[in-house]
Amino acid sequence: MVAEPNNWGRFGPDDQRGTLNLLGGDRVLAALGHAVTGRVLSLSAPIGRGAPRLRGRPAPQHYMSIDGADFAAGTRPVGAGLRMADDALIVSAHGTTTHMDALCHMWSGEELYNGHPAAQVHSYGARRCGIEQVGGVVAKGVLFDVPRLLGVGHLPAAHRVSAEELAACGEVGPGDVAVVRTGWPLVWGRSPEEYRSGQPGLSAEAGRWLAGRDVAVVAADNAAVGGLNARQLADEALEDDLHLILLHRHGIHLAEMLWLEELAAAGRTEFVFVAAPLRIVGGTGSALNPLAIL
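Throughout, this note's numbering is defined as the position within the sequence shown, counted from one, plus 3.
This is the structure:
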């Protein structure tokens, strides 16, 4: 077992859901009370060729498998007067769109979260801690709008958000979803190369601050929750890697590459957070369309 404070064994030796276990019925019902106006905002970036993505990750492929021209040509008769369209989507689970990381996504040594054998992650999927274990997430969301705190449109690439900055933005408790805005997706619109030149993100101390507050999920608008350098890698030592602190040690699922600009403009720091990844058996992650209910 990892030596640093962690949640291994806390929810039982067979647990594969981590701090999502904190979202019992009472907590979910309490979270729903944070909806005041009923306005619903999508927190997902649009899926398309022009959407932000990391270097080396394939752009989502969306194509029409059946379109109106097929029927006009008479190659796909269905019935008198009936027409249809169909399409397909190929998208990476990580790095090309808004998504959630499963607890099997990253680890150190020979064990996944909670001591599950890393050998259970095969080429055909993970037999432990896959994304299908998540189910649905309904929780109180808390927005940490760090650029607004600092009076900037977006954080610079080298900025690593401190625990003090998070504390100045808001407070979270057990079972909440911490939603961290860096503003970095705005950079893609002016320069994809600048977007890929590095990214701001949480510092290790900020990650431990959130873990210490028992959050259910950490969601962010950057690509890795933690910061990235110009090579699109984390600079932290292994013990300070954000994925290892949150996913591996504490069983806190991560949601990345959110679009938070409308939420920030709405001026609400607390809201209902709703998300449900696809039930990909053994998946290391899933595309996601998180919602904020204001």
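A virtual CB, placed ideally from N, CA and C, is assigned to each residue, including glycine.
In this text the structure is predicted, and so the values were computed from the model without any measurement.
- Taking 8 angstroms as the upper bound for CB-CB distance, Val137 and Ala181 are not in contact here, some 17 angstroms apart.
- Of the other Cβ atoms in all chains shown, fewer than 16 fall within 10 Å of the Cβ of Leu32; this residue is therefore exposed.
- Annotation for Ala223: the continuous beta strand (DSSP E) segment containing it runs 220-223.
- In the same chain as Gln64, and ignoring 5 residues on each side of it, the C-beta atoms closer than 6 angstroms to its own belong to Ile93, in chain order.
- Proximity of the segment 20-27 to the segment 254-266 meets the contact definition, three or more beta-carbon pairs being nearer than 8 angstroms.
- Spanning the alpha carbons of Ile296 and Val221 requires a straight line of approximately 17 angstroms.
- When the alpha-carbon of Leu146 is set against those of Asn10, Gly270, Gly288, the nearest one is in Gly270.
- Secondary structure note for Tyr66: its beta strand (DSSP E) is the uninterrupted segment 64-69.
- In terms of Cβ geometry, Gly133 and Cys107 form a close pair [threshold 7 angstroms].
- Rounded to whole angstroms, the gap between the alpha carbons of Ala170 and Arg151 is 14 angstroms.
- One thing to note: Pro203 has its Cβ no nearer than 7 angstroms to the Cβ of Leu46.
- Per DSSP, Ala279 lies in no beta strand (DSSP E) and is assigned neither H nor E.
- Looking at Leu115, Ser126, Cys172, Glu273, the one whose alpha-carbon comes closest to that of Ile248 is Leu115.
- Annotation: Asp70 to Pro55 spans about 27 angstroms, alpha carbon to alpha carbon.
- Closest option to Trp262, judged by alpha-carbon separation, among Glu168, Gln235, Asn225, Arg234: Asn225.
- Around the Cβ of Pro61, a 10 Å sphere holds fewer than 16 other Cβ atoms; the residue is exposed.
- In this model, Arg42 and Gly51 are separated by some 25 angstroms (Cα to Cα).
- A direct Cα-Cα distance of roughly 14 angstroms separates Thr40 from Thr272.
- Per DSSP, Val190 is not a residue of any beta strand (DSSP E); the alpha helix (DSSP H) it occupies stretches across 188-193.
- With 16 or more other Cβ atoms inside 10 Å of its own Cβ, Asn117 counts as buried.
- Counting the other Cβ atoms within 10 Å of the Cβ of Glu265 gives fewer than 16, which makes it exposed.
- Taking 7 angstroms as the cut-off, the beta carbon of Leu245 is found closer than this to the beta carbon of Leu205.
- Here His125 carries a strand assignment [DSSP, helix/strand/coil].
- For the pair Gly112 and Arg163, the CB atoms are not nearer than the 7 angstroms cut-off.
- Cβ contact annotation for Ala214 (same chain, cutoff 7 angstroms, sequence separation greater than five): Ile248, Leu249, His253, Ile255, in chain order.
- Residues Gly139 of the same chain have their beta carbon placed closer than 6 angstroms to that of Ala279, with the five preceding and five following residues left out of the count.
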